[in-house]
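Note sheet for the following structure.
Residue numbers (this note's numbering): 4 to 245.
Below, the structure written as structure tokens:
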């Protein structure tokens, strides 16, 4: 019978690496004789890159990447929801800096678990830690997008997080810059999804990134279907008791 602590460590992002998690890296990079430069190659060769990563050390930079991805996600959500209308800059800063990383860690854990369960339905073979690595490294475009938020906030200030609109006539150049940055952030988000489909497909043992996309969509359904059912039950109970 397996030790319960071993099962816990299998899904614990803070667990110490096990002996079989750290494989000695080949001298020239990987089995293809290519250099190990994951921050560069993940953009154009995501499958090879994540394969190198999980063979060397599946925990490589996972926690920092998830934390930074959480910060980027917090910025994006704060802007979309115009949270600056109801809170001040100090509170917003605290939420992004402190709660963003925590949200990134929890989100990475949750997504990896959902991908593991839903991937098993279509023949996926990856364990939790490999899927967590796939999720973390696919967030790199979103993290790079943090560099675009700095000039955006410098130009707009708190208006970047409020529903207040500026006049196009009074600042046409500013509008063009903001639009260009918004398009760049959108492109990075799309590329992050492309990377996720490829990295998930690789660690799951799928031949096609389309299967990775299917795994991602199943994971989304696995999350939202129970939520919809709960909401419908709550509405039904409310109608009956009213």
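Just so you know, even glycine gets a beta-carbon here, dropped at the ideal spot from N, CA and C.
Quick one, are the C-beta atoms of residue i and residue j less than 7 Å apart?
| i | j | result |
| --- | --- | --- |
| residue 202 | residue 121 | no |
| residue 134 | residue 118 | yes |
| residue 56 | residue 136 | yes |
| residue 69 | residue 111 | yes |
| residue 165 | residue 89 | no |
| residue 198 | residue 92 | no |
| residue 40 | residue 127 | no |
| residue 61 | residue 205 | no |
| residue 115 | residue 131 | yes |
| residue 82 | residue 163 | yes |
| residue 184 | residue 225 | no |
| residue 87 | residue 161 | yes |
Output the boundary residues of the alpha helix (DSSP H) element that contains residue i.
| i | result |
| --- | --- |
| residue 2 | One cannot answer for residue 2 here, as it falls past the ends of the chain, which runs 4 to 245. |
| residue 114 | 103-124 |
| residue 78 | 65-83 |
| residue 95 | 92-97 |
| residue 55 | 49-60 |
| residue 42 | 41-44 |
Worksheet entry | Segment contact flag, the segment 205-222 with the segment 141-153, C-beta cutoff 8 Å, min 3 pairs | The segment 205-222 is not in contact with the segment 141-153.
Worksheet item: With contact counted as at least three CB pairs below 8 Å, one residue from each stretch, are the segment 71-90 and the segment 99-113 in contact?
Response: Contact between the segment 71-90 and the segment 99-113 is established, with three or more Cβ pairs separated by less than 8 Å.
Item to complete: Take every Cβ of the segment 179-196, pair it with every Cβ of the segment 146-155, and state whether three or more of those distances are shorter than 8 Å.
Response: Cβ pair count under 8 Å is three or more, so yes.
Item to complete: Run through the segment 157-232 for me and flag every whole alpha helix (DSSP H) of 4 or more residues, listed as ranges in chain order.
Response: Listed in chain order, the complete alpha helix (DSSP H) runs (minimum 4 residues) inside the segment 157-232 are 175-207.
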